[in-house]
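**Student:** Numbering follows my numbering, with no gaps: position 9 of the sequence shown is 10.
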Amino acid sequence: MRLPILFILFFISFLGYTQSKAYHFYNEEGRPISRKEFYKMRYNRDNFPLYLENDTARFGILYHYETYGKLNDSSYRYLKKYLGELKEVEIDSSDYLVINYLTTVPEEEQKRHKTRTSWNIFDRNYTGKLKRMDDVSHFWISSLEKQNLKYFYSDRIDWLTDKKGVIPELFFPFEFTYGYFVIINPEGEYYYYIGEYAKQFVWEKTEQMMYGEMSKKTNKIAP
2 MRLPILFILF FISFLGYTQS KAYHFYNEEG RPISRKEFYK MRYNRDNFPL YLENDTARFG
62 ILYHYETYGK LNDSSYRYLK KYLGELKEVE IDSSDYLVIN YLTTVPEEEQ KRHKTRTSWN
122 IFDRNYTGKL KRMDDVSHFW ISSLEKQNLK YFYSDRIDWL TDKKGVIPEL FFPFEFTYGY
182 FVIINPEGEY YYYIGEYAKQ FVWEKTEQMM YGEMSKKTNK IAP
């Protein structure tokens, strides 16, 4: 997953200085595709289109909502150390990590709602069920400061700010409405889902990871 993303980021930067305004389209593997292929594939239920732009070019990139992969040993150790320091806890070597990562949410979207979000991952039983699962460490993490997350129950949610950008660096680097959740097993194998999701879906995927039902799908190595 990481190599195609890094390649595309570099390519976008390079084109920004070398070419006139143009459109470029890529699939999730970083392979250039035609405009026709892009528009046909973007309606696939497994894909979502991401649009980027710099001074001289526009880009359409397809990604999968679901991604499986594996962190190398040093990245996995660094992530656990970083999370432990953020939350001021010690993470056991046998723990499964569940991260709810919230990226930027437009301020006007939050102002449209006089009440707080009804997203059910903020129901009190969401984390309660995760805690009842053996060996699960859960983290609420955002790219935003806690004071900007009133719409997302900052009065009772222990939001941790990822000031170093570690989560997007290891997983999905682009801003996406509502962010994503990540599950990582003790071997560093991970799964993440991008976009809005339900608490039941997180429970289900966590149990699948714990019972080894995801290992056979792991085929991408992240740095």
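Ideal Cβ placement from N, Cα and C applies to all residues, glycine included.
Everything numeric in this text was worked out from a predicted model, so none of it was measured.
Going by beta-carbon coordinates alone, are TYR193 and THR68 separated by less than 7 Å?
**Tutor:** Going by C-beta atoms, TYR193 is nearer than 7 Å to THR68.
**Student:** Could you tell me which of LEU87, ASN48 and SER94 sits nearest to TYR77, measuring between CA atoms?
**Tutor:** Closest by alpha carbon: SER94.
**Student:** If we define contact as Cβ-Cβ less than 7 Å, is ASP159 a contact residue for chain E?
**Tutor:** Although the question refers to chain E, the structure presented lacks it and comprises just one protein chain.
**Student:** Per DSSP, which residues does TYR154 bridge with? Please list them.
**Tutor:** Answer by DSSP bridge pairing: none, since TYR154 is not bridged.
**Student:** Distance, Cα to Cα, SER75 vs THR116?
**Tutor:** Distance between the alpha carbons of SER75 and THR116 is about 43 Å.
**Student:** Once the 5 residues before and after GLU205 are set aside, which same chain residues still bring their CB inside 6 Å of it?
**Tutor:** Cβ neighbours of GLU205 beyond the five flanking positions: none.
**Student:** Let me know if GLU190 comes out buried or exposed under the rule of 16 or more other beta-carbons within 10 Å of its beta-carbon.
**Tutor:** So GLU190 ends up on the buried side.
**Student:** Considering Cα atoms alone, identify which of MET134, LEU98, GLY129 and ASN149 is closest to GLU109.
**Tutor:** The candidate whose alpha carbon is nearest that of GLU109 is ASN149.
**Student:** For TYR194, does the three-state DSSP call read helix, strand or coil?
**Tutor:** Here TYR194 sits in strand by DSSP.
**Student:** Out of PHE140, TYR102 and SER138, which has the shortest C-alpha to C-alpha gap to GLU170?
**Tutor:** Of PHE140, TYR102 and SER138, the residue nearest in Cα terms is TYR102.
**Student:** So if DSSP puts TRP141 in a beta bridge, which residue, or which two residues, is it bridged to?
**Tutor:** Note: TRP141 sits in a beta bridge opposite ASN101.
**Student:** Do you know offhand how far GLU38's Cα is from GLU54's?
**Tutor:** Rounded to whole angstroms, GLU38 to GLU54 spans 20 Å at the Cα level.
**Student:** From what residue to what residue does the beta strand (DSSP E) around THR68 run?
**Tutor:** THR68 -> beta strand (DSSP E) spans 67-72.
**Student:** Relative to the alpha-carbon of SER138, which residue among ASN186, SER155, ILE168 and THR57 has its alpha-carbon at the smallest distance?
**Tutor:** Here the closest residue by C-alpha is ASN186.
**Student:** Go through its chain and collect everything with a Cβ distance to PRO33's Cβ below 8 Å, but skip five positions before and after it.
**Tutor:** Counting only Cβ-Cβ distances below 8 Å, and skipping sequence neighbours, we find HIS25, PHE26 and TYR27.
**Student:** Under 7 Å between the Cβ atoms of ASP136 and TYR97?
**Tutor:** In this structure, TYR97 lies closer than 7 Å to ASP136 by Cβ.
**Student:** Under 8 Å by Cβ, that's how I've got LEU87 and LEU161 pegged, so tell me the actual separation to the nearest angstrom.
**Tutor:** Correct: roughly 5 Å between the Cβ atoms.
**Student:** Could you give the first and the last residue of the continuous beta strand (DSSP E) run that contains ILE122?
**Tutor:** Segment: none, ILE122 is in no beta strand (DSSP E) and carries neither H nor E.
**Student:** Taking just the CA atoms, how far does LYS22 sit from TRP141?
**Tutor:** When rounded, the distance between both Cα atoms is 40 Å.
**Student:** How close, in whole Å, do the beta carbons of ASN127 and LYS200 come, if the pair is a contact with beta carbons under 8 Å?
**Tutor:** It should be noted that the sequence gives Tyr, not Asn, for residue 127. TYR127 to LYS200, Cβ: 4 Å. Contact.
**Student:** Check whether the Cβ atoms of PHE177 and THR104 sit closer than 7 Å, and answer yes or no.
**Tutor:** Going by C-beta atoms, PHE177 is nearer than 7 Å to THR104.
**Student:** With distances taken between CB atoms, is the gap from TYR152 to PHE123 smaller than 7 Å?
**Tutor:** Against a cut-off of 7 Å, the Cβ pair of PHE123 and TYR152 comes out as no contact.
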